[in-house]
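Protein chains: 2
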Amino acid sequence: MSEETTELRKAGLKVTHPRLQILRLLEQTDQKHMTADQIYRALNDQGEDIGLATVYRVLSQFESAQLVRKHMFDDGSGRPAQACYELDEGEHHDHMVCMETGEVIEFFDEAIERRQEEIAHKHGYEIVDHSLVMYVRPRKSNG
Amino acid sequence: MSEETTELRKAGLKVTHPRLQILRLLEQTDQKHMTADQIYRALNDQGEDIGLATVYRVLSQFESAQLVRKHMFDDGSGRPAQACYELDEGEHHDHMVCMETGEVIEFFDEAIERRQEEIAHKHGYEIVDHSLVMYVRPRKSNG
DNA sequence: TTATCTGCAAATAATTTGCATTACT
DNA sequence: AGTAATGCAAATTATTTGCAGATAA
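Going down the list, the sequences are from chains A and B.
Going by my numbering, the first residue of the first sequence is number 45, and it counts up by one from there.
Going by my numbering, the first residue of the second sequence is number 45, and it counts up by one from there.
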């Protein structure tokens with residue numbers, strides 16, 4: 045029995061073919077962040093016959109089960125916003141999106157995290173979740 | 045000639061009734077952040093006959109003209125994401141969204157801003173734009 | 001005047017849902 | 001076997017667009 049099978053069981057999800065394929069794809073792809081449509085195409089390209097609706101349904105179940113994390117990168121460039129998904133590996137991190145290549149870089153900064161807590165606290169709140177996205181471009185070597 | 049008229053002229057936009065109304069509403073409302081639909085309703089409720097398509101068109105022109113800023117608060121609660129708009133007063137700030145009341149609190153933190161620059165720099169990038177949203181809930185007094 | 005703007009209705013795009021069928025356990 | 005999951009197509013939602021008529025400069 046595969047490792048993914050166990051993961052699905054632990055999440056309380058019945059082990060079906062589409063769920064296994066989607067989970068495996070997300071684990072194996074070099075592109076950590078994928079949209080529902082990219083996942084749909086990737087699977088169909090490798091011969092799987094899985095519907096787009098199923099991809100959306102499974103991703104949202106995975107999200108509830110904390111197997112996956114959903115992001116809305118609004119690249120500011122006016123394009124229609126599309127959700128993208130990545131495996132939830134437990135440790136939180138923030139994102140940098142390169143506006144030229146579309147590349148997504150992950151980072152984590154203790155100082156920023158702590159500061160956020162302090163700010164929420166000061167205003168009488170506690171943080172439930174947060175999202176920090178920096179839209180960046182490669183830096184000119186001379187500058 | 046009203047102040048808003050001047051603002052529109054400066055932005056290179058023809059001064060039309062819908063544009064004036066939308067700009068004034070955003071300046072006068074106590075609710076700094078409004079969705080296109082909220083703006084549409086608010087104006088129609090006060091007797092203006094302005095189409096929703098026009099509201100969208102004007103908002104996107106305002107955004108290009110830097111009169112307005114657009115946000116996608118994905119409150120994590122699974123509701124469909126809707127853009128919301130606020131007047132662009134020049135100085136940048138980040139947001140806290142209360143998950144219980146929907147209230148939007150603005151804040152600015154020099155330390156976080158600086159840290160972001162450093163991180164982007166360290167990775168070989170420069171920041172074009174960024175978005176930090178904290179989803180929060182009122183803090184229990186005892187805790 | 002005359003190009004630009006507006007309102008309406010129809011078009012898109014991303015995502016969701018209804019339902020008959022299929023697949024886990 | 002029996003319930004839950006899937007695929008397809010139709011429905012929704014937010015937003016955009018085409019076009020004929022209205023309007024600002």
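The beta-carbon is built from N, C-alpha and C at its ideal position, and this holds for glycine as well.
Look up I66/A in the DSSP assignment and say whether it is helix, strand or coil. helix
First and last residue of the uninterrupted alpha helix (DSSP H) at I156/B: E154 to K166
Between the alpha carbons of D138/A and D153/A, how many angstroms are there, rounded? 8 angstroms
Which whole-angstrom value is the C-beta distance of M178/A and Q160/B, which I expect to be below 8 angstroms? 6 angstroms
Can you tell me whether DSSP reads H174/B as helix, strand or coil? strand
Taking contact to mean at least 3 C-beta pairs separated by less than 8 angstroms, is the stretch 143-157 of chain B in contact with the stretch 160-171 of chain A? yes
N-terminal and C-terminal residue of the beta strand (DSSP E) that I149/B is part of: V148 to F151
One or two residues paired with D138/B in a DSSP bridge: F151/B
Beta strand (DSSP E) containing V112/A: first to last residue? V112 to M116
Between A155/A and chain B, is any beta-carbon pair separated by less than 8 angstroms? yes
Let me know if D118/B comes out buried or exposed under the rule of 16 or more other beta-carbons within 10 Å of its beta-carbon. buried
Local Cβ density within 10 Å of E130/A, reported as buried at 16 or more and exposed below that: buried
Is the Cβ-Cβ distance between A127/B and H115/B less than 8 angstroms? yes
Mind listing the chain B neighbours of V177/A? Cutoff is C-beta to C-beta under 7 angstroms, in chain order. H174 and S175
8 angstroms is my cut-off, CB to CB: does M78/A come that close to chain B? no
Look at R183/B and H165/A and say whether their C-beta atoms are less than 8 angstroms apart. yes
Could you tell me which of Q82/A, A86/A, D89/A and D132/A sits nearest to E51/A, measuring between CA atoms? D132/A
When you compare the stretch 85-100 of chain A with the stretch 47-65 of chain A, are there three or more beta-carbon pairs, one atom per stretch, that lie closer than 8 angstroms? yes
Which partner residues of V180/A appear in the DSSP bridge assignment? C142/A and I171/B
Just to check my reading of the structure: L69/B and L87/B have Cβ atoms closer than 8 angstroms, yes? What is that Cβ distance to the nearest angstrom? 6 angstroms
Enumerate in chain order the residues of its own chain whose CB-to-CB distance from R113/B is below 8 angstroms, with the five nearest sequence positions on each side excluded. E107, Y129, E130, L131 and D132
Give me the chain A residues within the contact set of P62/B, using Cβ-Cβ distance strictly less than 8 angstroms, ordered along the chain. The contacting residues do not exist; P62/B stays about 21 angstroms from chain A at best.
C-alpha distance - L103/A paired with L57/A, whole-angstrom precision: 12 angstroms
Less than 8 angstroms between CB atoms is the rule here; does Q160/A satisfy it with respect to chain B? yes
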